[in-house]
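Undergrad: Numbering (the UniProt record's numbering), first residue to last: 1 to 443.
1) Taking the alpha-carbon positions, what's the residue 297 to residue 391 distance?
2) Among 384, 289, 417, which residue has its Cα nearest to the Cα of residue 208?
3) Spatial neighbours of residue 129 within its chain, please: CB distance less than 8 Å, with the 5 preceding and 5 following residues excluded, ordered by chain position.
4) Could you check the C-alpha separation between residue 247 and residue 140 for me, to the nearest Å?
5) How many Å lie between residue 330 and residue 185 at the Cα?
6) With a Cβ-Cβ cutoff of 8 Å, do residue 375 and residue 386 count as a contact?
7) Just reading off the alpha helix (DSSP H) that residue 350 is part of, what are its end residues?
8) Compute the distance between the beta-carbons of residue 427 and residue 388, then report whether it is under 8 Å.
9) Is the stretch 232-242 touching the stretch 308-316 in the sense that three or more CB pairs, one from each, lie closer than 8 Å?
10) Secondary structure at residue 184, three-state DSSP: helix, strand or coil?
11) Can you tell me where the beta strand (DSSP E) with residue 189 in it begins and where it stops?
12) Quick one: what's got a C-beta closer than 8 Å to residue 418's C-beta in the same chain, skipping five residues either side?
13) Residues bridged to residue 256 by DSSP?
14) Beta-carbon separation of residue 217 and residue 211 under 8 Å?
15) Which partner residues of residue 335 appear in the DSSP bridge assignment?
16) Please classify residue 384: does DSSP put it in a helix, a strand, or coil?
17) Apart from the five residues on each side of it in sequence, which residues of its chain come closer than 7 Å, Cβ to Cβ, to residue 333?
18) So what's residue 407 in DSSP terms, helix, strand or just coil?
19) With 16 other CB atoms within 10 Å as the buried threshold, where does residue 432 fall?
20) How big is the Cα-Cα spacing for residue 327 and residue 158?
21) Which of the three DSSP states, helix, strand or coil, is assigned to residue 363?
22) Let me know the secondary structure DSSP gives residue 138 once reduced to three states.
23) Please classify residue 504 as buried or exposed, where buried requires at least 16 neighbouring CB atoms within 10 angstroms.
24) Going by beta carbon distance, what residues of the same chain come within less than 8 Å of residue 291, once the five residues before and after it are set aside?
25) I'd like to check one pair, residue 262 with residue 293: are the Cβ atoms closer than 8 Å?
26) Rounded C-beta distance between residue 259 and residue 266? I'm assuming under 8 Å.
27) Could you pull out every residue in the same chain whose Cβ sits closer than 6 Å to the Cβ of residue 133, ignoring the five residues on either side in sequence?
28) Is DSSP giving residue 398 helix, strand or coil here?
29) Could you tell me whether the stretch 224-233 touches the stretch 179-195, using the rule of 3 or more Cβ pairs below 8 Å?
30) Might you give, ordered along the chain, the residues of its own chain that have their beta carbon closer than 6 Å to the beta carbon of residue 397, omitting 5 neighbours on each side?
31) For residue 215, name the three-state secondary structure that DSSP assigns.
32) Could you give the distance in angstroms between the alpha-carbon of residue 59 and the alpha-carbon of residue 160?
33) Let me confirm a value: residue 312 is counted as buried when at least 16 other C-beta atoms fall within 10 Å, else exposed. Which label applies?
34) Going straight from the alpha carbon of residue 337 to that of residue 384, what length do you get?
35) Among the candidates 437, 321, 422, whose CA atom is the shortest distance from the CA of residue 405?
36) Out of 407, 230, 154, which has the shortest C-alpha to C-alpha gap to residue 378?
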């Protein structure tokens, strides 16, 4: 068989390019990926007011990777406009220290009401639908790790493309702990994000705990940002099913934001089978997980239970109520906040298939996460918060739980709030602050 010159030219064209050209193409692809990430973040953050420390030109970096990214995202407090937050006069008279960040925090969460800054917000509706169809759990893909910084390691902010490449090279040298069981008991670790160009999460320390069921779970502690005084209280946060710790450390609002806004310390944890936690996600493991971290806070860290506030969101409220049921014969926590709480698994599933008037019927023996049958055993103040437009867990669930609660306070039914954006409503966090200051008397 003979080849013409045209065929020979085509064969040369189809051959793989030389090695140096392939390397150059790979670098260009990496840079292109970074550009796409920045472009997506720029679209979602175009409503923000971004300042640069030196000069008035627009800052090039649009990626918000930390709740404390004050250098990249700033909200002007010295130039109020007609949309600025009105501060309550009674709080001014009381000289509440949280006022210094109130405008920044409350404006920030509402500007992110669309859910573009937290991964699980935009997918939680579909995840929660699958949640009850697939044994009530839908763990997201792991997006973080723990690590110990090596000697001479330097952490820096990523503001330019060159710094992003340096961060990628730095992360390649880190010894990443992608399983909680690889952590040494009692050791504190730094919190890193899996994205090669993402900065480390500041102000959060990771550690691992072994539960009564034998699983090792990942936990975090966020100290009170106000180092000049002790924290007002300790918050134990139990997250929804479609997220893990990384979502609540880089999302809006983040747990770091809450620690600063309420001047408290925050503990949180990943359920078994979530993030880097070991084991399988199940109701039995879920209850053992929250029991393990609560015992760590009270017994090992010697935090007085009367200074602890529990906050459970969605499926996290089921774990919170079960813990309170088990601890009813011991010294109880100060109070509990249930955010968008489902009454039980099958009752939520009944809403999905269009059943009516099924919430108050007797509980089926096959039902799970039956908060409605446990809530009357909780003897501490209960604040129920629910969105009126919640389609995943309709507001009737929150109303029924509030009716059955013995020690409830005035609930908060949030207008125009759904299951995936209720945390981005300022009325939620102002109501929680009132609950803590006035009804729990934690000052």
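Virtual Cβ for every residue (Gly too), placed ideally from N, Cα, C.
TA: Working from what's here:
1) Approximately 35 Å, taken between the alpha carbons.
2) Here the closest residue by C-alpha is 289.
3) In this predicted model, residue 129 has a pLDDT of only 39, less than 50, meaning its place in the structure is not dependable; the value taken from the coordinates is given anyway. Around residue 129, the same chain offers 352, 392 as residues with beta carbons nearer than 8 Å, after the five sequence neighbours per side are excluded.
4) Cα-Cα distance, rounded: 10 Å.
5) If you take the alpha carbons of residue 330 and residue 185, they lie about 27 Å apart.
6) Not in contact: residue 375 and residue 386 (Cβ atoms no closer than 8 Å).
7) Looking at the DSSP string, the run of the alpha helix (DSSP H) that includes residue 350 is 345-352.
8) No. Outside cutoff.
9) Between the stretch 308-316 and the stretch 232-242 there are three or more C-beta pairs closer than 8 Å, enough to call the two in contact.
10) Note: residue 184 maps to coil in three-state DSSP.
11) Residue 189: member of the beta strand (DSSP E) spanning 189-193, first to last residue.
12) Once the five neighbours on either side are set aside, the close Cβ partners of residue 418 are 125, 387, 389, 390, 391, 392.
13) The partner list for residue 256 (beta bridge, DSSP) is empty, contrary to what the question assumes.
14) Yes, they are a contact pair.
15) Paired residue(s): 309.
16) For residue 384, the secondary structure class from DSSP, reduced to helix, strand or coil, is strand.
17) Around residue 333, the same chain offers 305, 308, 309, 310, 380 as residues with beta carbons nearer than 7 Å, after the five sequence neighbours per side are excluded.
18) Residue 407 falls in the coil class under three-state DSSP.
19) Residue 432 should be labelled buried.
20) Going by the C-alpha atoms only, they are around 45 Å apart.
21) In the three-state scheme derived from DSSP, where H, G and I count as helix and E and B as strand, residue 363 is classed as coil.
22) In this structure, residue 138 counts as coil in the three-state DSSP scheme.
23) In this structure the chain extends from 1 to 443, so residue 504 is not present and cannot be described.
24) Taking C-beta separations shorter than 8 Å and ignoring five residues to either side along the sequence, the partners of residue 291 in its chain run 211, 212, 323, 326, following chain order.
25) Taking 8 Å as the Cβ cut-off, residue 293 and residue 262 do not qualify as a contacting pair.
26) Taking 8 Å as the upper bound for CB-CB distance, residue 259 and residue 266 are in contact here, some 5 Å apart.
27) Confidence at residue 133 is low in this model, with a pLDDT of 39, below 50, so the placement of that residue should be treated as unreliable; the coordinate-derived value is given next. Taking C-beta separations shorter than 6 Å and ignoring five residues to either side along the sequence, residue 133 has no partners in its chain.
28) Reduced to three states, the DSSP call for residue 398 is helix.
29) They do not touch, by the three-pair rule.
30) Once the five neighbours on either side are set aside, the close Cβ partners of residue 397 are 342, 343.
31) Here residue 215 carries a coil assignment [DSSP, helix/strand/coil].
32) Summary for residue 59: the model assigns pLDDT 36, below 50, so the residue's position carries little reliability; its value from the coordinates is reported in the next sentence. In this structure, the CA atom of residue 59 is about 10 Å from the CA atom of residue 160.
33) With 16 or more Cβ atoms within 10 Å of its Cβ, residue 312 is classed as buried.
34) If you take the alpha carbons of residue 337 and residue 384, they lie about 6 Å apart.
35) With distances taken between CA atoms, residue 405 lies nearest to 321 out of 437, 321, 422.
36) Ranked by Cα distance from residue 378, the options 407, 230, 154 are led by 407.
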